[in-house]
Amino acid sequence: MRLLKSTVHPSVSASEPRQFTRLTSRAIALKGTDILLMYTARYEDFSLPGGGIDEGESIEQGLIRELQEETGAQNIKVLGEFGLYEEYRPWYKDDYAVIHIKSYCYFCSLDTQLGQAQLEHYEQQNGMVAKWVNIYDAIAHNERTLANSDKQGLSIIRETYLLKEIAKHITNY
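Residue numbers (our numbering): 330 to 502.
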């Protein structure tokens, strides 16, 4: 899969020996210029649905599972690769100083009507909800959050970058 971007948080080193790697998948489901995203009230941001790959799962299997859990999506088909976003972030537990996150992004098709999501407790507490959003509105929203909000999480930089790359793919953004 092509590497879209590799980032290193300013407080860490990519060569830190006390690091672990977390494999994740991100779904890109489009209908025209609308995209299926997760809105998180706590951080006031939009992100691609997806999450960590469980032991024994392929990346595509984990993608489908996460998409079903987070959005209630049905009849999911993985259509193809978009790219890999890699990041090194600080980590403060389990004897590690750095987490190396590898986010594998795939185009997917699915039913437009979403079913019942099975969110994890922390996702519910953070006010996460799946919704179809115009991709340009989502980019503008995230950019406003980056510029004006003190609530933003570490993921918004990745997610805004990915949304802009997806927009380039579907139009001349």
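Ideal placement from N, C-alpha and C gives every residue a C-beta, glycine not left out.
### Message
On the criterion of 16 or more Cβ atoms from any shown chain inside 10 Å, does Ser354 qualify as buried, or is it exposed?
### Response
buried
### Task
Locate the alpha helix (DSSP H) running through Ala469, then write down its first and last residues.
464-477
### Task
Would you mind stating whether Gln403 and Gly361 have Cβ atoms separated by less than 7 Å?
no
### Message
Just to confirm, is the Cβ distance from Ala459 to Leu396 under 7 Å?
### Response
no
### Distance CB(Glu449)-CB(Lys431) smaller than 7 Å
no
### Task
Give me the Cβ distance between Ile485 and Thr474, rounded to the nearest whole Å; I'm assuming they're in contact under 8 Å.
6 Å
### Query
Under the rule that 16 or more other beta-carbon atoms within 10 Å means buried, what is Ala358, buried or exposed?
buried
### Query
With distances taken between CB atoms, is the gap from Leu352 to Gly412 smaller than 7 Å?
no
### Beta-carbon gap between Cys437 and Val462 smaller than 7 Å
no
### Terminal residues of the alpha helix (DSSP H) in which Thr489 lies
484-499
### Query
What's the gap between the Cα of Pro419 and the Cα of Gly409?
31 Å
### Message
Quick check: what's the CA-CA separation for Glu384 versus His429?
### Response
17 Å
### Message
So, for Leu483: in the same chain, excluding its five sequence neighbours on each side, which residues have a beta-carbon less than 8 Å away from its beta-carbon?
### Response
His338, Arg418
### Message
With H, G and I counted as helix, E and B as strand and the rest as coil, what does DSSP make of Thr441?
### Response
coil
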